[in-house]
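Respectively, the protein sequence lines represent chains A and B.
Sequential numbering of the first sequence, starting at 0, is according to numbering that gives the first Met the number 0.
Sequential numbering of the second sequence, starting at 0, is according to numbering that gives the first Met the number 0.
Each remark here refers to the structure printed beneath this line.
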Amino acid sequence: MGLAPAGAAHTYQAVIPPAALAEIFGDTTALRFLGLLYLQDQAKDADPQRLHGALFGGSAPQTAAQLAQSLAARRAQDLAAEDVTIVGGWLLTRGEAQLCALVALAAAT
Amino acid sequence: MIEDLRRLGGGAPIACDLCLIGAGAAGITVAREFIGSGLTVCLVESGGFDFDNQTQALYAGKNVGLPEHGVDIGRLRFFGGTTNHWGGRCTPLAPLDFAVRPWIPYSGWPITRNDLDPYYRRARDVCGLGVPRTPAEILSELALRPPTLPPNLLELKLWEHAPYPWSFGAVYREELRKAADIHVLLHANLTQIATTTARSAVSAITVTSLEGASRVITARCYVLCCGAIENARQLLSTADETAPALGNGHDLVGRFYMDHFRGQVATLVTADPQPEIETVFNYFGDPTQRLYQTGIELSPEAQRDQNLLNACAVFDYEGDPQSGIAEAQAIWRQLQQGKWAPDIGEKVWRVLRDLDGVAAMVRRRLSTDRHPLMPLKAALIVSDIEQAPNPESRVTLSNIHDALGQRRVCVDWRATALERRTARHFALSIGSALLRVGFGRCRVEPWLAGPPGEAPLGLGETYHQSGTTRMAADPRFGVVDADCRVHGVENLYVAGSSVFPTGGHANPTFTIVALALRLADHLKVVLRQFARAAP
Chain A
0 MGLAPAGAAH TYQAVIPPAA LAEIFGDTTA LRFLGLLYLQ DQAKDADPQR
50 LHGALFGGSA PQTAAQLAQS LAARRAQDLA AEDVTIVGGW LLTRGEAQLC
100 ALVALAAAT
Chain B
0 MIEDLRRLGG GAPIACDLCL IGAGAAGITV AREFIGSGLT VCLVESGGFD
50 FDNQTQALYA GKNVGLPEHG VDIGRLRFFG GTTNHWGGRC TPLAPLDFAV
100 RPWIPYSGWP ITRNDLDPYY RRARDVCGLG VPRTPAEILS ELALRPPTLP
150 PNLLELKLWE HAPYPWSFGA VYREELRKAA DIHVLLHANL TQIATTTARS
200 AVSAITVTSL EGASRVITAR CYVLCCGAIE NARQLLSTAD ETAPALGNGH
250 DLVGRFYMDH FRGQVATLVT ADPQPEIETV FNYFGDPTQR LYQTGIELSP
300 EAQRDQNLLN ACAVFDYEGD PQSGIAEAQA IWRQLQQGKW APDIGEKVWR
350 VLRDLDGVAA MVRRRLSTDR HPLMPLKAAL IVSDIEQAPN PESRVTLSNI
400 HDALGQRRVC VDWRATALER RTARHFALSI GSALLRVGFG RCRVEPWLAG
450 PPGEAPLGLG ETYHQSGTTR MAADPRFGVV DADCRVHGVE NLYVAGSSVF
500 PTGGHANPTF TIVALALRLA DHLKVVLRQF ARAAP
């Protein structure tokens, strides 16, 4: 689908340990699927560095607990700001959609 | 007194003080107000006490607008009118519904909610609602604890229901039969409205049965109470080669035809086997058998801030939870370059559930072996969206004639971009609110998922026809004035939802009854003035 910039996987894998993702989500196929759908409409988000910054700021989660805490905080913030989007028909918060996009970008390279 | 024109046959004109044309919610309500008043009323009704196909066929017409519209569906043409299949949901229009809203062209009533409040209180008895109680009192009695909705965006909506069934024809038939000053004439179809030479007043009407019996009725005042489509039809039928139709000096009769747009805007899916949402948004009965329904409405602040129409939503718990999965599978098939498993739909649902679990800080190791796909529960989110007034949405006359020689209607029901924008905003707001309180995840209907303007309006009609003889103080902008009198015709009035300039999201019958009570008060004053002036 021509979405992933070169080098994206290296950056991504360095900041979200796959084990943390796997512990929370198990199979990440659906995250990738939703991420690709999101990126079809939001080409500006096809930048892993930008997505990572938007999701985690300067503190990269290292464990599943840290990742979950970070995602939960971002979701609460998005819902308070009404920052939601529709991906494949499903209503996702912006942060949820960006997480999916980050996973899709990593897998595409 | 109740008579049947077919048996009464032709003869001398019937004279009365007030002639009401149409025995539905409006006509029956006005008539009842004159029982024992010393004034005589003739209430004419096209049908009899029961549905019959020949009479109903007089409503048939042509639809040239939105394909969801059924011209003769929803309306009933016999004693009691459309209340013969009324669902009974009662709520007043909101104060903002009456206001001029600059973001909605042609909005604004010449009266306010305060003007109508005394009549809403009286309408409660007419609709069988009993003693009024505040929403807080009702919620307390029902032991409901609704979730906190985003302030200034969404509000809890509570509807009261009339006892079911509550056909005005059945409920008030005996009362009208016993009333000496009310003359109900069945099988009497309005076939002519005669006017004075200057067309400034109605001089008589003619009613005719399908079998050919005919009578002239003379009255001091006349009220059309035939419903939004038929009121326009009857007025438009008064045009001739030399003059426009009564009330149509500014080409407004039949224009601004409205309904509420109703349909599914989203599906809420949850893995909770006993979803909490069902205990909050649902139908509830109190110990006295009174029925209530709870839902969500768009707040006045959100309407103002986002330039939206009014809207409400209820929940229907018979949805198909698998439909989202099927949709994801369909999307998968379209992703030509993806190498996705055929079970991608189920995987999507699982990850969405896990995202919800993350929000609750519940971390689990997930695998098909250890965590089988849960049974899903679904709730359809069904919304009623206000229709923006639109002069191009209209009722006109076709060149096809009915069994009585009257031209049939042609209905061109049209939406604007504002209804879709309102529906999308409302669906996303509800989805966000329900996600926040942990009730589940929403899948938005495909017609709302794309950017504005991309898909047509995916909602249908509710049979809440209105707007075709809209109320306005200035005859350039409306057919009737604030007293429901046709501009330029001193003794012709219109009752019913055809006078609504805008319709909010409220079911119209409760407001039709309130306006009919207000009109009855006005007519008593007018008719007594006539009586005093008479020699």
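Here a beta-carbon is modelled for each residue, glycine too, at the ideal position from N, C-alpha and C.
Secondary structure of residue 221/B (DSSP, three-state): strand.
Residue 443/B belongs to the set of residues whose beta carbon lies under 8 Å from a beta carbon in chain A. By the C-beta density criterion, residue 286/B is exposed, having fewer than 16 other C-beta atoms within 10 angstroms. The Cβ atoms of residue 19/A and residue 63/A lie closer than 8 Å to each other. About 17 Å separates the beta carbons of residue 188/B and residue 201/B, which is beyond the 8 Å limit, so they are not a contact pair.
Put simply, the backbone Cα of residue 194/B is about 7 Å away from that of residue 203/B. For the C-beta of residue 353/B, the chain A residues within less than 8 Å are, from N- to C-terminus, 23, 24, 25. With at least 16 other beta carbons inside 10 angstroms of its own, residue 24/A counts as buried. Taking a C-beta distance under 8 Å as the contact criterion, residue 92/A and residue 78/A qualify as a contact pair. A distance below 6 Å between beta-carbons, with the five flanking residues on each side excluded, links residue 383/B to the following residues of its chain, in chain order: 259, 261, 311, 504. Of all residues in the region 141-175 of chain B, only 149, 152 place a beta-carbon less than 9 Å from a beta-carbon of chain A. Around residue 85/A, the beta-carbon contacts reaching into chain B at under 7 Å are 443, 448. When the beta-carbon positions are compared, residue 146/B and residue 279/B come within less than 8 Å of each other. Within the same chain, 388 come within 6 Å of residue 105/B by CB-CB distance, once the 5 residues on both sides are set aside. Contact check for residue 393/B against residue 118/B fails: the beta carbons are separated by 8 Å or more. Around residue 199/B, the same chain offers 487, 488, 489 as residues with beta carbons nearer than 8 Å, after the five sequence neighbours per side are excluded. For the region 43-77 of chain A, residues whose beta-carbon sits nearer than 9 Å to a beta-carbon of chain B comprise 63, 64, 66, 67, 68, 70, 71, 74, 75, 77. When the beta-carbon positions are compared, residue 89/A and residue 440/B come within less than 8 Å of each other. Under the three-pair Cβ rule at 8 Å, the region 422-440 of chain B counts as touching the region 140-156 of chain B.
Fully enclosed alpha helix (DSSP H) runs of no fewer than 4 residues occupy 299-305 of the region 277-307 of chain B, in order along the chain. Contact of residue 90/A with chain B is assigned, a C-beta pair being separated by under 8 Å. In chain order, 57, 188, 190, 207, 209 place their CB closer than 8 Å to the CB of residue 403/B, counting only its own chain and leaving out the 5 sequence neighbours on each side. Excluding the 5 residues flanking it on each side, residue 161/B has same chain C-beta neighbours closer than 7 Å at 87, 89, 126, 127, 128, in chain order. Comparing C-alpha distances from residue 241/B to each of 482/B, 154/B, 197/B shows the shortest one belongs to 197/B. Contacts with chain B at 8 Å (Cβ-Cβ) include residue 29/A. If you look at residue 137/B, you'll find it in the alpha helix (DSSP H) that goes 134-140. Under the 8 Å Cβ criterion, the region 286-303 of chain B counts as touching the region 151-160 of chain B, having at least three qualifying pairs.
Residue pairing by DSSP puts residue 257/B in a beta bridge opposite 465/B.
Here DSSP, grouped into helix, strand and coil, assigns residue 52/A to helix. Between the region 225-241 of chain B and the region 496-503 of chain B, the count of Cβ pairs shorter than 8 Å is three or higher; the stretches touch. Selection 277/B, 107/B, 296/B, 377/B evaluated against residue 442/B yields 377/B as nearest (Cα-Cα). Among the residues of chain A, none has a CB under 9 Å from the CB of residue 88/B; the nearest is roughly 28 Å distant. Interface with chain A (8 Å Cβ-Cβ cutoff): residue 434/B is included. Beta-bridge partners of residue 262/B (DSSP): 382/B.
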